[in-house]
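>
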Amino acid sequence: RRLGLGSVGANETMVAAVATLAELEAAAPSSSGITVVAHFWASWAPMCTQTAQLTDKLAGDCKNLVFVSVEAEEAEELSEKFAVDSVPAFVFIKGGAKVGGVVGANAPEISAQIQALNASATSATPSAGAPTVTGASPVAAPPPQKLEERLAALVKRDPVMLFMKGSPGAEKCGFSRKIVELLKSEGVQFGTFDILEDEEVRQGLKTFSNWPTYPQVYAKGSLVGGLDILKELQEGGELKDELGL
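First residue of the sequence shown: 80, per my numbering; consecutive thereafter.
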């Protein structure tokens with residue numbers, strides 16, 4: 080199997096690198112009932128080196144789980160499906176569905192949650208129900224009214240608004256860089272908002288738009304979508320029409 084970010088330890092632990100749903104299914108069939116721990120990482124994020132080393136160690140210790148490594152920006156299909164918009168992130172998957180996860184590089188929290196998952200599972204007889212993991216991302220509550228009013232104004236601030244990580248020319252994730260390049264290639268003028276600078280907007284907009292990932296593009300206050308949708312519109316020659324240009 081291919082290796083992801085990290086190394087093979089003395090106990091010859093291997094963490095399979097996957098980039099598609101098909102590869103994830105091959106690593107741990109959804110019908111098997113086995114819980115998968117997916118480590119999402121990016122080469123530009125220094126903390127991911129530490130979490131990769133932690134993943135290798137946990138993979139050696141937690142024999143009832145399957146561990147995989149996912150380079151988030153090269154695996155758009157998986158990042159979109161499991162709503163990963165920042166790295167490092169650990170997503171817990173069972174039966175093909177996300178059942179929990181941890182975002183960030185808090186080693187004690189990551190270890191505690193994964194060890195709890197391992198304790199609740201057996202390699203021969205998987206638990207009947209998907210585990211509920213403390214700290215997993217819950218369904219977001221509707222944003223407070225004041226925030227909702229602010230978001231409603233933000234998405235209309237420019238005729239085309241891009242909510243991204245970083246800013247044009249100083250993008251902080253590959254998805255944001257690609258969507259900026261796409262819009263510029265079509266000659267689209269657009270305003271931007273750096274969600275990394277405002278956590279309230281970053282979390283609130285997910286609920287406001289019912290769209291869990293970034294970047295997000297709005298036209299005259301209405302959500303158009305993320306990178307994949309804009310690519311499809313561009314390929315179909317419909318992008319400018321959809322943006323109202």
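Virtual Cβ for every residue (Gly too), placed ideally from N, Cα, C.
Tell me which same chain residues have a C-beta within less than 7 angstroms of the C-beta of methionine 126, skipping the five on either side of it?
These residues qualify, in order along the chain: Pro167, Ala184.
> Would you call the CB atoms of valine 147 and valine 182 closer than 8 angstroms?
It is not a contact, given that the beta carbons lie outside the stated cut-off.
> Between arginine 256 and the rest of its own chain, which residues show a CB-CB distance below 6 angstroms, the 5 nearest in sequence each way excluded?
Cβ within range, chain order: Glu250.
> Grouping DSSP H, G and I as helix and E and B as strand, with all else coil, what is glutamate 265?
Three-state result, glutamate 265: coil.
> Pull up the DSSP beta-bridge partners for glutamate 279, would you.
DSSP, once it has assigned bridges, lists no residue as partnering glutamate 279.
> Between the C-alpha atoms of glycine 266 and glutamate 153, what's the straight-line distance to the nearest angstrom?
Spanning the two alpha carbons is a distance of roughly 26 angstroms.
> I'd like the list of long-range same chain contacts for isoleucine 274, defined as Cβ closer than 8 angstroms, with 5 residues on each side in sequence excluded.
Result list for isoleucine 274: Phe242, Met243, Lys244, Val280, Arg281, Leu284, Tyr293, in chain order.
> Decide if threonine 211 is buried, meaning its Cβ has at least 16 other Cβ atoms within 10 Å, or exposed.
Below a pLDDT of 50, predicted positions are generally treated as unreliable, and threonine 211, at 44, falls in that range; no measurement from the model is reported.
> What is the DSSP secondary structure of lysine 319, counted as helix, strand or coil?
It is helical.
> Look at the alpha carbon of leucine 103 and the alpha carbon of isoleucine 113, and state the distance between them as a whole number of angstroms.
Approximately 12 angstroms between the Cα atoms of the pair.
> How many angstroms separate the CA atom of phenylalanine 171 from the CA atom of alanine 162?
Straight-line Cα distance between these residues: approximately 12 angstroms.
> Determine the contact status of leucine 157 and valine 149, defining contact as a CB-CB distance below 8 angstroms.
The answer is yes: Cβ separation under 8 angstroms.
> Please report the distance separating the alpha-carbon of cysteine 252 from that of glutamate 276.
Approximately 14 angstroms, taken between the alpha carbons.
> Report the three-state DSSP secondary structure of aspartate 273 (helix, strand or coil).
DSSP places aspartate 273 in strand when its eight states are reduced to three.
> Return the first residue and the last residue of the beta strand (DSSP E) that methionine 126 is part of.
It is not in any beta strand (DSSP E) - methionine 126 instead sits in the alpha helix (DSSP H) that spans 126-140.
> Return helix, strand or coil for phenylalanine 161, following the three-state DSSP convention.
If DSSP states are grouped into helix, strand and coil, phenylalanine 161 belongs with coil.
> Does lysine 257 come out as helix, strand or coil in the three-state DSSP assignment?
Helix.
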